[in-house]
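Here the sequence shown stands for residues 1 to 211, numbered as in the working numbering.
Cβ atoms here follow ideal geometry from the backbone N, Cα and C, with glycine treated the same way.
Below is one structure, written out as structure tokens, with a few remarks after it.
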Amino acid sequence: MKRLRQHLGSNYYLPISQLKRIPPNYPPLIENINWKEHFINGKAPDMIDLGCGKGLFLESLAMLYPEKNILGIELREPFVKKIITKKKELPNLSALWYNITNGLYFIDDETIEKVFFLFPDPWFKKKHFKRRVFNFDLLNEIYRILLPSGKLYIATDIYDVHLYHIEILNNFKKFTFSEANNSLIWDLPMTNKQKSCEEKGIKYFRIICCK
Ligand SMILES: C[S@@+](CC[C@H](N)C(=O)[O-])C[C@H]1O[C@@H](n2cnc3c(N)ncnc32)[C@H](O)[C@@H]1O
Numbered sequence: 001m002k003r004l005r006q007h008l009g010s011n012y013y014l015p016i017s018q019l020k021r022i023p024p025n026y027p028p029l030i031e032n033i034n035w036k037e038h039f040i041n042g043k044a045p046d047m048i049d050l051g052c053g054k055g056l057f058l059e060s061l062a063m064l065y066p067e068k069n070i071l072g073i074e075l076r077e078p079f080v081k082k083i084i085t086k087k088k089e090l091p092n093l094s095a096l097w098y099n100i101t102n103g104l105y106f107i108d109d110e111t112i113e114k115v116f117f118l119f120p121d122p123w124f125k126k127k128h129f130k131r132r133v134f135n136f137d138l139l140n141e142i143y144r145i146l147l148p149s150g151k152l153y154i155a156t157d158i159y160d161v162h163l164y165h166i167e168i169l170n171n172f173k174k175f176t177f178s179e180a181n182n183s184l185i186w187d188l189p190m191t192n193k194q195k196s197c198e199e200k201g202i203k204y205f206r207i208i209c210c211k
């Protein structure tokens with residue numbers, strides 16, 4: 001079976017505003033979004049997975065909640081193309097090739113039930129923390145799009161990044177949050193990365209945030 005791999009240089013992770021030159025194959029900005037092109041019922045998404053990767057979690061979620069529209073957002077185009085091939089069986093599933101550091105302006109205010117941010121940040125070294133996706137800009141966007149009862153789910157396998165998430169959330173102040181390392185509380189399908197952590201015996205850390 002062909003393995004999907006795509007090495008991306010560090011510039012691909014930056015927002016367009018920080019780039020002197022846009023690298024070839026940088027995901028385009030989203031001008032006008034027509035949800036009819038994504039979901040059979042033409043409605044906007046109910047749940048969004050930021051940095052969905054190969055999409056195991058996304059597919060399981062779409063199967064669990066056939067009445068909900070599930071959208072993945074991903075920097076790597078091959079993963080997005082592969083996820084889209086599943087739309088025949090799962091018409092409530094879709095994915096966008098897009099860099100989330102450019103904002104979520106194409107999603108309306110207070111429309112999303114759940115946002116997932118599961119193992120997406122490759123910048124785990126302290127010296128690279130400025131490149132991390134998880135910052136006040138992203139949190140403001142997530143807070144804006146979540147319904148008043150909405151929730152944000154966060155996971156990482158890097159303890160320092162987990163502490164960084166807690167620090168940013170404490171400074172942001174708008175979410176109430178707690179650690180959710182108990183699977184009964186978490187109660188969500190497995191992601192590709194989580195599966196690989198389980199297989200290798202790598203610990204991971206989870207947080208649930210309420211608006
Ligand atoms: C380690 S994988 C985890 C994927 C999936 N969430 C999981 O748990 O299996 C991280 C994914 O986040 C994506 N990612 C990282 N930064 C991103 C960004 N700024 N915008 C969109 N996707 C991003 C990467 O391309 C990669 O596929």
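Query	Result
Considering only heavy atoms of ligand 1, does any lie closer than 8 Å to the CB of Phe106?	no
On the DSSP bridge assignment, give the partners of Val115 in chain order.	Ile48 and Leu152
What does the alpha-carbon distance come out to for the pair Trp35 and Pro91?	12 Å
At which residues does the beta strand (DSSP E) containing Ile70 begin and terminate?	Ile70 to Glu74
Look at the alpha carbon of Thr63 and the alpha carbon of Glu89, and state the distance between them as a whole number of angstroms.	Per the sequence shown, the amino acid found at residue 63 is Met instead of Thr. Going by the C-alpha atoms only, they are around 9 Å apart.
My guess is that Leu58 and Leu93 are in contact by the Cβ rule of under 8 Å, so how many angstroms apart are they, rounded?	6 Å
Can you round the beta-carbon distance between Phe175 and Leu152 to whole angstroms, since I take them to be within the 8 Å contact cut?	7 Å
Suppose you measure from the CA of Ile208 to the CA of Ile154; what does that come to, to the nearest Å?	6 Å
Can you have a look at Lys200 and say buried or exposed, based on whether 16 or more other CB atoms are within 10 angstroms of its CB?	exposed
If Leu104 and Glu141 are in contact, beta carbons under 8 Å, what's the gap, nearest whole angstrom?	4 Å
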